[in-house]
Amino acid sequence: MDAHKTRAHLNLTRCYIAALSDLVWSAAEIGDTTTLRYYHDKRHEAALGLKTTVICGQRDNLLSGDEAAHALSPISSLADAVVFTD
Numbered sequence: 003m004d005a006h007k008t009r010a011h012l013n014l015t016r017c018y019i020a021a022l023s024d025l026v027w028s029a030a031e032i033g034d035t036t037t038l039r040y041y042h043d044k045r046h047e048a049a050l051g052l053k054t055t056v057i058c059g060q061r062d063n064l065l066s067g068d069e070a071a072h073a074l075s076p077i078s079s080l081a082d083a084v085v086f087t088d
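When we follow the working numbering, the leftmost residue of the sequence shown carries the number 3, and every step to the right adds one.
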């Protein structure tokens, strides 16, 4: 994977995590614990995948330290999920 594809993959993963977070909160609001657990687990898997991609990107010199920090920054909403615009 090249640097551009790595950044695009990270952006998509961050958007996916943001969407899953919205689903977790929605399930919590209505008290649906089964759905909450399901989407929480999906979000956790995606976060682990994000971390792995960042680690590999740094190892392969596809991401700088600052880019890695941005990719791992908190995701509070879909609006701040995209961190790479190249």
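Glycine residues also receive a C-beta, built at the ideal position from the N, C-alpha and C atoms. All of these numbers come straight from a predicted model, not from anything done at the bench.
Can you give me the C-alpha to C-alpha distance between residue i and residue j, rounded to a whole angstrom?
{"i": "asparagine 13", "j": "methionine 3", "result": "15 Å"}
{"i": "alanine 49", "j": "glycine 33", "result": "24 Å"}
{"i": "alanine 29", "j": "leucine 38", "result": "5 Å"}
{"i": "asparagine 63", "j": "alanine 5", "result": "8 Å"}
Which first and last residues belong to the alpha helix (DSSP H) in which residue i is found?
{"i": "isoleucine 57", "result": "35-61"}
{"i": "leucine 22", "result": "5-32"}
{"i": "aspartate 68", "result": "67-73"}
Can you give me the Cβ contacts of residue i inside the same chain, cut-off strictly under 7 Å, excluding the 5 residues immediately before and after it?
{"i": "arginine 45", "result": "Ile19, Leu22, Ser23 and Val26"}
As a quick exercise: from the options, pick the residue whose alpha carbon is nearest that of residue i.
{"i": "alanine 73", "options": "Tyr41, Asp62, Leu64 and Leu52", "result": "Leu52"}
{"i": "aspartate 88", "options": "Leu50, Glu69 and Ile57", "result": "Glu69"}
{"i": "lysine 7", "options": "Gly67, Thr55 and Ala29", "result": "Thr55"}
{"i": "glutamate 47", "options": "His11, Thr15, Ala10 and Ala83", "result": "Thr15"}
Can you list, in chain order, the residues of its chain whose CB lies under 6 Å from that of residue i, leaving out five sequence neighbours each side?
{"i": "leucine 65", "result": "Gly59"}
Within its chain, find whatever has a CB closer than 8 Å to the CB of residue i; leave out the 5 residues flanking it on each side and keep chain order.
{"i": "leucine 80", "result": "Cys17, Ala20, Ala21 and Asp24"}
Could you check how far apart the C-beta atoms of residue i and residue j are, in whole angstroms? I think they sit under 8 Å.
{"i": "valine 85", "j": "serine 78", "result": "Wrong, their Cβ atoms sit about 13 Å apart, outside the cutoff."}
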